[in-house]
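Enquirer: Just so we're aligned, residue 16 is where the sequence shown starts under this note's numbering, counting upward by one.
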Amino acid sequence: MPQISSLKKIIITVDGWSSCGKSTMARQLAKKLNYIFIDSGAMYRAITLYFLRNNINVYELHQVQQALKQIHLSFQLNPLNGNNEILLNGENVEPYIREMEVAEKVSEVAAIKEVREFAVHQQQSIGRDKGIVMDGRDIGTAVFPNAELKIFMTADNEVRVMRRHKELLVKNPSIQIDDVRSNLSQRDHMDSNREVSPLRKADDAVVLDNSNLTPDEQLSLALEWAHEKINA
Ligand code: DC
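1) Count the other C-beta atoms from every protein chain shown that fall within 10 angstroms of the C-beta of residue 64, then say buried if there are 16 or more, exposed otherwise.
2) So residue 198 is in the alpha helix (DSSP H); what residue range does that whole segment cover?
3) Go ahead and pull the three-state DSSP assignment for residue 234.
4) Helix, strand or coil, according to DSSP, for residue 239 in the structure here?
5) Can you check which of these residues, 58, 23, 33, 29, is closest to residue 217 by C-alpha distance?
6) According to DSSP, simplified to helix, strand and coil, what is residue 31?
7) At a cut-off of 6 Å, would you count residue 178 as near ligand 1, judging by its Cβ distance to the nearest heavy atom?
8) Less than 7 Å separating the beta-carbons of residue 108 and residue 41?
9) Is residue 65 near ligand 1, in the sense that its beta carbon is under 6 Å from a heavy atom of that ligand?
10) In chain order, what residues of the same chain have a beta carbon less than 6 Å from the beta carbon of residue 171, not counting five sequence neighbours either side?
11) Taking its Cβ as the centre, do 16 or more other Cβ atoms sit within 10 Å of residue 68, making it buried, or is it exposed?
12) DSSP state of residue 97, grouped into three classes?
13) What is the DSSP secondary structure of residue 159, reduced to helix, strand or coil?
14) Going by beta carbon distance, what residues of the same chain come within less than 6 Å of residue 38, once the five residues before and after it are set aside?
15) Which one or two residues does DSSP pair with residue 86 in a beta bridge?
16) Residue 97: beta carbon under 6 Å from a heavy atom of ligand 1?
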């Protein structure tokens, strides 16, 4: 059995619709391979949080440009759960970026060309040494178009709505399923229709539809694909 460190390191991209379990799968895959996991959506969410906190008008380009100059994003490993958590100017903002207020604004912020350039530049430099699994919407198409393995994840609409609702109920017991459904469909629409790097399946991506798969089943599939590429 070759040592993990002697194996070829690759880049794995995981793109797809909102709430189809991309981050969960990508995180588990990275752990199995001893790779870094980066949730690129957390970067757009942290930028959105900064804009909300500082009343940045997303229609005023100058305000957006000035704001981006004030933003420093980094990731820090949480030893308690093994996750890479996002820091916004040194503050761990994980607890705030998943809230509905951010979810309602993030697709609008993520559609701004200057915001994307800012985030993509950082994502590319994090992936320079390979050995990384990154999830998002444009990772296989715009961030790492030469990635060795590209996975495009999808699941039935209602399955995604129910999963997201269950997740949000933990924090907010009064959250309504209709609000979750409309937020998801709005985000899917904006993410796949924006001008800059819209969500789409890369031509060379493999599709993983997990509507009827358990987390273990989908992980086994992805691991199999990863090993094929690593050993190629
Ligand atoms: O994966 P997520 O739901 O946390 O992502 C939040 C939003 O960020 C999503 O609605 C679209 C945007 N996003 C993006 O445009 N490009 C990425 N690579 C990742 C996320």
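All C-beta atoms in this analysis are idealised placements derived from N, C-alpha and C, irrespective of residue type, glycine included. Computed from a predicted structure; not experimentally measured.
Expert: Judging by the given coordinates:
1) Burial of residue 64 is indicated by the presence of at least 16 other C-beta atoms within 10 angstroms of its C-beta.
2) In the DSSP assignment, residue 198 falls within the alpha helix (DSSP H) that extends over 192-208.
3) Three-state result, residue 234: helix.
4) Residue 239: helix per DSSP, three-state reduction.
5) Measuring from the Cα of residue 217, the nearest candidate turns out to be 29.
6) Strand, per DSSP.
7) False, no ligand heavy atom lies under 6 Å from that Cβ.
8) Their beta carbons are not under 7 Å apart, which means residue 108 does not touch residue 41 by this criterion.
9) Every heavy atom of ligand 1 is 6 Å or more from the Cβ of residue 65, so no.
10) If we look at residue 171 and ignore the five residues flanking it on each side, its Cβ neighbours are 226.
11) Flag for residue 68 reads exposed.
12) In the structure shown, residue 97 sits in coil (DSSP, three-state: anything other than H, G, I, E or B).
13) Residue state, collapsed to three classes: coil.
14) Closer than 6 Å at Cβ, skipping near neighbours: 54, 150.
15) DSSP, once it has assigned bridges, lists no residue as partnering residue 86.
16) For ligand 1, not one heavy atom lies less than 6 Å from the Cβ of residue 97.
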